[in-house]
Structure formats: C-alpha cells, structure tokens
Amino acid sequence: MQKSKLAAAALVLLPLAAAAQPPGWNDPFPPHRVMDNLYYVGTSMLSSFLITTPEGHILVSANYESSVPIIKASVEELGFDFEDIKILISGHAHPDHIEGNALVKELTGAEVVVGRLDAPDVRAARTPDGEPLPIDRLVDDGDTVTLGGTTLTAHLMPGHTPGCLAWSLDLEEGGRTYYGFIECSLNGRFLRYVGNEAYPNIADDMRATYRKAREIPVEVFVSSHGVFYGLDEKYAKLTTRGEGDPNPFVDPDGYKAHVDEQERLFEEALARQLAE
Ligand SMILES: [Zn+2]
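Read in order, the letters of the sequence shown correspond to residues 12 to 287 in the working numbering.
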C-alpha cells in the first residue's frame, strides 16, 4: 500500500463534526466486477457498489456529493446507465458515505433506503449547500431489498454508527453460489466510548457486533472502505487473473482476520479511554 493511502486509512471514520474531506479519497479507482452482478464503482478510498438487474440497478453508498460524478463515470465505463439506478441503499450515517444521497436521488429518482437506527443522524446531515438528505424507506435488521431477481438482506451491526447496516446477497460464479457480504464498518478506533452521551451503549454494541460478525458465513468480502478488505491488492490480482485462478474477492479467512484486527483496535482504544 502506498504511504498516502496508509495515512488516509488512518483517517477512516471521522466523527460527524470533522466532515472535511480527506485529500485523495475521491481519486478515481478502476471500476470492476467483483462477482456476478456485483460491481465496484467507488473511488480510491470510498466504496460504492452497483448491483445490476434486468429491472434496473441498486447502488450501495453515494459517498460525498463530490464523489457522485466519479461514481457515475464508473457506472458508465462499465456500460450501464446511471439513470437506471432504481434504489440507493444509503451507507452508514457518516458524511463520507451519505452526503451524496440527495444528488443521486436528483439524478436518478432512486428510492433511498436508510437503516432505521441511523435515520436521526441522516436527518441531521446536510448537503454542502445545506439541503436535507432524502429518506424514502426505513429498514431494520433482517429486512430485504429486492429488484429484478436480486435480493439483499440487511444485517444490523451497530457500534460504528447506531444503525450501521451490512448487506448480504447470493453471488454465482463457476456454477457455485457464494455468500456475498457488503460490510458496513467495524472500525472503532477513533470513536468515543467513555462519556459518550449521544450513544451511551456504544461499547456494548461494538462487542456484540464483533460477536455477530464472526457468525456470518462470509465468502465474498467487500466493505465501505477498500482498505478494510485489501482492495488494492485484490484488484491487482483480478487484473492478472488467469482461467481457473480463484476470484481474489473470495476471502473468508481475510474477513475473519479483519474482524479480529478491528476488535483489537477497538479494545485498545477503549482501554486507553478508561485509563485517561
Ligand atoms: Zn464511518
């Protein structure tokens, strides 16, 4: 990983108040098929996924408002129409994942799906022009979003935000069905655990979410930031993938290692705060 990316990775998960856009996060990244009808259309640091269907498309995460033109260009580079996006599944309620929701809605008319427990933070958020963000449908743990024969299932993974939702879907390749998982975020490194009046049970939620994360039978692993799932390395493998080579995004062990690492960072941060 380049140095600048490591520095940017350290910034992943800024509190709502520090919404200044980190430099380089919107640099374009080559759009690519992850597997089946799941495509990466995000930027170098901010993931966005397109799920294509015969009845239109689902976009997961609009990111910053300034990310939207880059996402649109990526969708078009893959040969799809941005206007065919029928559903926008909002990212978790931090500005780097939701600020662009209004622009995507304006450009596509998509129905905007938001996790119910994240809704207060989404309602409090604004576009750079001070406009509110749209919410068309609220979803809870276990709810599904279906379009054109593809169904995504919501997994509530609270902690990083109170309503952080991950999404699972079946993906097919080589005659096999894989458990695809678009992770929310398990990053708890920079959150406030001691004296967090806005979210008093945050530490308990984080612990419960790491436990839950280990029970999910993830095979194809992607997440809200590429650094969480080794996007650079896996994309490099994808570009040199020969016939019969495994799909680099099939990575159940990498997923488990990621959960362990994030939990370790959370426990360290918590211990530091308790010692203050
Ligand atoms: Zn976040």
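In this text, a Cβ means the ideal position worked out from N, Cα and C, and glycines have one as well.
This structure is a prediction, so every number in the text was calculated from the model and none was measured.
CB of residue i within 8 Å of CB of residue j, strictly
{"i": "residue 69", "j": "residue 156", "result": "yes"}
{"i": "residue 36", "j": "residue 59", "result": "no"}
{"i": "residue 50", "j": "residue 42", "result": "yes"}
{"i": "residue 218", "j": "residue 280", "result": "no"}
{"i": "residue 174", "j": "residue 203", "result": "no"}
{"i": "residue 247", "j": "residue 172", "result": "no"}
{"i": "residue 47", "j": "residue 183", "result": "yes"}
{"i": "residue 158", "j": "residue 64", "result": "yes"}
{"i": "residue 238", "j": "residue 192", "result": "no"}
{"i": "residue 289", "j": "residue 119", "result": "The question about residue 289 has no answer here: the residues shown for the chain are numbered 12 through 287."}
{"i": "residue 216", "j": "residue 170", "result": "yes"}
{"i": "residue 116", "j": "residue 145", "result": "yes"}
Residue i to residue j span [Cα, whole Å]
{"i": "residue 143", "j": "residue 71", "result": "19 Å"}
{"i": "residue 90", "j": "residue 67", "result": "13 Å"}
{"i": "residue 107", "j": "residue 74", "result": "5 Å"}
{"i": "residue 114", "j": "residue 76", "result": "7 Å"}
{"i": "residue 232", "j": "residue 261", "result": "6 Å"}
{"i": "residue 39", "j": "residue 80", "result": "10 Å"}
{"i": "residue 213", "j": "residue 284", "result": "13 Å"}
{"i": "residue 270", "j": "residue 149", "result": "27 Å"}
{"i": "residue 166", "j": "residue 245", "result": "25 Å"}
{"i": "residue 20", "j": "residue 241", "result": "Residue placement at residue 20 is flagged as unreliable, the pLDDT there being 48, under the threshold of 50; a coordinate-derived value is accordingly withheld."}
{"i": "residue 236", "j": "residue 57", "result": "5 Å"}
{"i": "residue 99", "j": "residue 179", "result": "15 Å"}
{"i": "residue 62", "j": "residue 287", "result": "45 Å"}
{"i": "residue 288", "j": "residue 122", "result": "Because residue 288 is not part of the residues shown, which for the chain are 12 to 287, the question remains open."}
{"i": "residue 85", "j": "residue 52", "result": "5 Å"}
{"i": "residue 273", "j": "residue 134", "result": "28 Å"}
{"i": "residue 137", "j": "residue 147", "result": "16 Å"}
{"i": "residue 22", "j": "residue 112", "result": "Confidence in residue 22 is poor, its pLDDT being 49 and thus under 50, which makes the residue's placement too unreliable to answer from."}
{"i": "residue 44", "j": "residue 282", "result": "40 Å"}
{"i": "residue 101", "j": "residue 125", "result": "5 Å"}
{"i": "residue 160", "j": "residue 177", "result": "20 Å"}
Residue i CB to nearest heavy atom of ligand 1 below 7 Å
{"i": "residue 78", "result": "no"}
{"i": "residue 105", "result": "yes"}
{"i": "residue 108", "result": "yes"}
{"i": "residue 68", "result": "no"}
{"i": "residue 196", "result": "yes"}
{"i": "residue 171", "result": "yes"}
Cross-strand partners of residue i (DSSP beta bridge)
{"i": "residue 46", "result": "49"}
{"i": "residue 233", "result": "193"}
{"i": "residue 184", "result": "187"}
{"i": "residue 124", "result": "100, 148"}
{"i": "residue 55", "result": "For residue 55, which the question treats as bridged, DSSP gives no partner whatsoever."}
{"i": "residue 162", "result": "157"}
{"i": "residue 178", "result": "165, 193"}
{"i": "residue 60", "result": "51, 71"}
{"i": "residue 39", "result": "54"}
- Cβ contact (3+ pairs, closer than 8 Å) linking the region 147-155 and the region 223-230: no
- Task: Could you tell me whether the region 249-265 touches the region 195-203, using the rule of 3 or more Cβ pairs below 8 Å?
- Result: no
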